[in-house]
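Trainee: Structure provided below as structure tokens; questions to follow.
In my numbering, the protein residues as written are 2 to 147.
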């Protein structure tokens, strides 16, 4: 009976640790930020949705921040998250440049580790520069509402 209790206890403990870790309750605080200017056919792309994620291997990715580009296509997005290991930041850009009506493209950009800051202050921004959304990108997907 005690072996079964021990197995149940260990199983529940692992689930509890996984939930706490996934919720960002434990770990060290890390921050990341990205900035740049979005264009669609060389015209500023305003109101483009951007989401900054921490990519997780075994559960749902954690949303760190969400923002839209301004009327000049410019954006700055940053956020913080707690993890035991380094966060794995990814910037998703959701746009409708050169798409069919009702469709949306998503471009994903993996942000290198050197742009991760300790604590809640951004020490080094990832700069996309001028990013032309009409191009084709390896990490681009398109979905259409039917």
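Beta carbons: idealized from backbone N, C-alpha and C, even for Gly.
(1) Figure out for me which residue from 112, 123, 101 has the closest Cα to the Cα of residue 31.
(2) Report yes if the CB atom of residue 39 is closer than 7 Å to the CB atom of residue 116, and no otherwise.
(3) Find the nearest neighbour of residue 43 within the set 98, 84, 119, judged by alpha-carbon distance.
(4) Less than 6 Å between C-beta atoms, sequence neighbours within five positions excluded: which residues of the same chain meet that for residue 96?
(5) Could you check how far apart the C-beta atoms of residue 52 and residue 87 are, in whole angstroms? I think they sit under 8 Å.
(6) Alpha carbon to alpha carbon, what distance is there between residue 34 and residue 112?
(7) For a quick check, are the C-beta atoms of residue 109 and residue 91 less than 7 Å apart?
(8) Does the Cβ-Cβ distance between residue 70 and residue 121 come in under 7 Å?
(9) Might you give, ordered along the chain, the residues of its own chain that have their beta carbon closer than 7 Å to the beta carbon of residue 66, omitting 5 neighbours on each side?
(10) Going by DSSP, name the residue or residues bridged to residue 33.
(11) For residue 111, which beta-bridge partners are listed by DSSP?
(12) Hey, quick one: how far does the beta strand (DSSP E) through residue 131 stretch, first residue to last?
(13) Quick check on the burial criterion: 16 or more other C-beta atoms within 10 angstroms. Buried or exposed for residue 76?
(14) Excluding the five sequence neighbours on either side, which residues of its own chain have a C-beta within less than 7 Å of the C-beta of residue 100, listed in chain order?
Mentor: Taking the definition as stated:
(1) The alpha carbon of residue 31 has as its nearest neighbour, out of 112, 123, 101, the alpha carbon of 123.
(2) Against a cut-off of 7 Å, the Cβ pair of residue 116 and residue 39 comes out as no contact.
(3) Closest option to residue 43, Cα to Cα, is 98.
(4) The residues are 49, 106, 134.
(5) That belief does not hold up - the Cβ atoms of residue 52 and residue 87 are roughly 19 Å apart, past 8 Å.
(6) About 9 Å.
(7) Taking 7 Å as the cut-off, the beta carbon of residue 109 is found closer than this to the beta carbon of residue 91.
(8) One thing to note: residue 70 has its Cβ no nearer than 7 Å to the Cβ of residue 121.
(9) Apart from sequence neighbours up to five positions away, the residues of its chain that approach residue 66 with a beta-carbon distance below 7 Å are 53, 78, 79, 80, ordered along the chain.
(10) For residue 33, which the question treats as bridged, DSSP gives the partners 80.
(11) Bridge partners of residue 111 according to DSSP: 91.
(12) Unbroken beta strand (DSSP E) run through residue 131: 127-133.
(13) With 16 or more other CB atoms across the displayed protein chains lying within 10 angstroms of its CB, residue 76 is buried.
(14) If the five residues before and after residue 100 are omitted, its C-beta is found closer than 7 Å to the C-beta atoms of 106, 143, all from its own chain and listed in chain order.
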